[in-house]
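Protein chains in written order, with this note's numbering: chain A, 228 to 291; chain B, 8 to 204.
Built from N, CA and C at the ideal position, the CB exists for glycine as well.
Please read all numbers here as calculations on a predicted model, not as lab measurements.
Okay, here's the thing in structure tokens:
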């Protein structure tokens, strides 16, 4: 086995976690989430969710 | 220092929030969306979608989760379901999109002026060094590490599998992608922060 294969098969350590943390910081800086995206998603999900619950309630009422 | 929040165990969070949601309790959904959306964002952007297209894909993926909530049998598979749905839709759109809409490359620091632009974009000299080494990896490794960076150790294997990477790509061992990056960084005297040597 060469050195890279040895390194690849070693357990992850704190240095690896730090490298991944640095990657995360870098991508956060270079390509951040659009502002307000999670708020828009949550709003759309709650609208969709309450529509589906109403629809399921209506379907149940029609069956009974 | 960065103010980036520490990641959490996303498979557990997704499973708990989703199971509660199906039982009529949506209290954990906001945290679920806040924590998982960055992962989905980078799944989409890593496939060269424009920011606008990636935003649409991520939002539609969450809405499809609501539509399919009763059909997903195992809540522990929800994170994988979200990632796979995002990846497939991103791939489909990326096939149609022109390369002009791709993620813009960060300019190579060929001149002092260009180096200054890189530092401005990345916020710190060490990020520019890191970026150069990331660019030296295969596209597949760049994609894996970009997404993995937004999760935590217990989720690495599940995320690699959801990206279609073979078992052993990362976690609990480093795998070749992280080993290549680490080896490349270790050989560069310009990379010094965090003691990661």
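Following the continuous alpha helix (DSSP H) through residue 155 (chain B), name the residue where it begins and the one where it ends. Counted from its first residue, the second chain places residue 155 (chain B) at position 148. Unbroken alpha helix (DSSP H) run through residue 155 (chain B): 146–155.
Should residue 198 (chain B) be listed as close to the ligand HEM, given that the test is whether its C-beta is under 6 angstroms from any heavy atom? Ligands in the displayed structure: none, and consequently the ligand HEM is not present.
For residue 60 (chain B), which residues from the same chain have a beta carbon less than 6 angstroms from its beta carbon, with the 5 sequence-adjacent residues on both sides left out? Indexing the second chain from 1 puts residue 60 (chain B) at position 53. So the list reads 100, once near-sequence residues are dropped.
List, in chain order, every chain A residue whose beta-carbon is nearer than 8 angstroms to that of residue 66 (chain B). Sequence index remark: in the second chain, residue 66 (chain B) carries index 59 (1-based). Taking the beta carbon of residue 66 (chain B) as reference, the chain A residues within 8 angstroms of it are 264, 267, 268 and 271, listed in sequence order.
Are any of the Cβ atoms in chain A nearer than 7 angstroms to that of residue 40 (chain B)? Start at 1 with the first residue of the second chain, and residue 40 (chain B) comes out as number 33. Closer than 7 angstroms to some Cβ of chain A, the Cβ of residue 40 (chain B) qualifies, so yes.
Against chain A, with Cβ distances strictly below 7 angstroms, would residue 121 (chain B) count as a contact? Mapped onto the second chain, residue 121 (chain B) falls at position 114. Note that residue 121 (chain B) scores 46 on pLDDT, short of 50, meaning its location in the model is unreliable; the coordinates nonetheless yield the value given after this. Contact of residue 121 (chain B) with chain A is not assigned, every C-beta pair being separated by 7 angstroms or more.
Distance, Cα to Cα, residue 114 (chain B) vs residue 140 (chain B)? Numbered from its first residue, the second chain carries residue 114 (chain B) at position 107. Numbered from its first residue, the second chain carries residue 140 (chain B) at position 133. The predicted model places residue 114 (chain B) with a pLDDT of 42, which falls under 50 and marks its position as unreliable, so this point remains unresolved.
Pull out every residue of the stretch 180–202 of chain B whose Cβ sits closer than 8 angstroms to any Cβ of chain A, in chain order. So the list reads 180, 181, 182, 183, 185, 186, 187, 188, 189, 190, 192, 200, 201 and 202, given in the order they occur along the chain.
Which residue comes first and which comes last in the alpha helix (DSSP H) that contains residue 177 (chain B)? Reading the second chain from its first residue, position 170 is the one you call residue 177 (chain B). No alpha helix (DSSP H) holds residue 177 (chain B); DSSP gives it neither H nor E.
Is residue 249 (chain A) close to chain B? Criterion is C-beta to C-beta, closer than 7 angstroms. On the first chain, residue 249 (chain A) is found 22 positions in, with the first residue counted as 1. Proximity of residue 249 (chain A) to chain B, defined by a Cβ-Cβ separation below 7 angstroms, is satisfied.
At 8 angstroms on the CB atoms, spell out the chain A contacts of residue 161 (chain B), in chain order. By 1-based counting over the second chain, the position of residue 161 (chain B) is 154. Ordered by position in chain A, no residue passes the 8 angstroms Cβ test against residue 161 (chain B), which lies about 11 angstroms from the chain.
Quick check: residue 22 (chain B) and residue 83 (chain B), are their CB atoms within less than 7 angstroms of each other? Here residue 22 (chain B) refers to the residue found at position 15 when the second chain is read from its first residue. Here residue 83 (chain B) refers to the residue found at position 76 when the second chain is read from its first residue. Against a cut-off of 7 angstroms, the Cβ pair of residue 83 (chain B) and residue 22 (chain B) comes out as a contact.
Nearest by alpha-carbon distance to residue 248 (chain A): which of B:160, B:18 and B:87 is it? For the purposes of this step, residue 248 (chain A) is taken as the residue at position 21 of the first chain. Comparing Cα-Cα distances from residue 248 (chain A) to each of B:160, B:18 and B:87, the minimum goes to B:160.
Taking only three categories from DSSP, how would you classify residue 238 (chain A)? Here residue 238 (chain A) refers to the residue found at position 11 when the first chain is read from its first residue. DSSP, read as helix, strand or coil, puts residue 238 (chain A) in strand.
Can you check whether the C-beta of residue 23 (chain B) is within less than 7 angstroms of a C-beta belonging to chain A? Within the second chain, numbered from 1, the residue matching residue 23 (chain B) stands at position 16. Residue-level contact check: residue 23 (chain B) does not touch chain A, since none of the beta carbons of chain A fall below 7 angstroms from its beta carbon.
Option in B:196, B:136, B:195 and B:190 with minimal Cα separation from residue 235 (chain A): Numbered from 1 along the first chain, position 8 holds the residue referred to as residue 235 (chain A). Of the candidates B:196, B:136, B:195 and B:190, the one whose C-alpha sits nearest the C-alpha of residue 235 (chain A) is B:190.
Using 7 angstroms as the limit for Cβ to Cβ distance, is residue 278 (chain A) near chain B? Translated into positions along the first chain, residue 278 (chain A) becomes position 51. Taking Cβ atoms only, chain B never reaches closer than 7 angstroms to residue 278 (chain A), which makes this a no.
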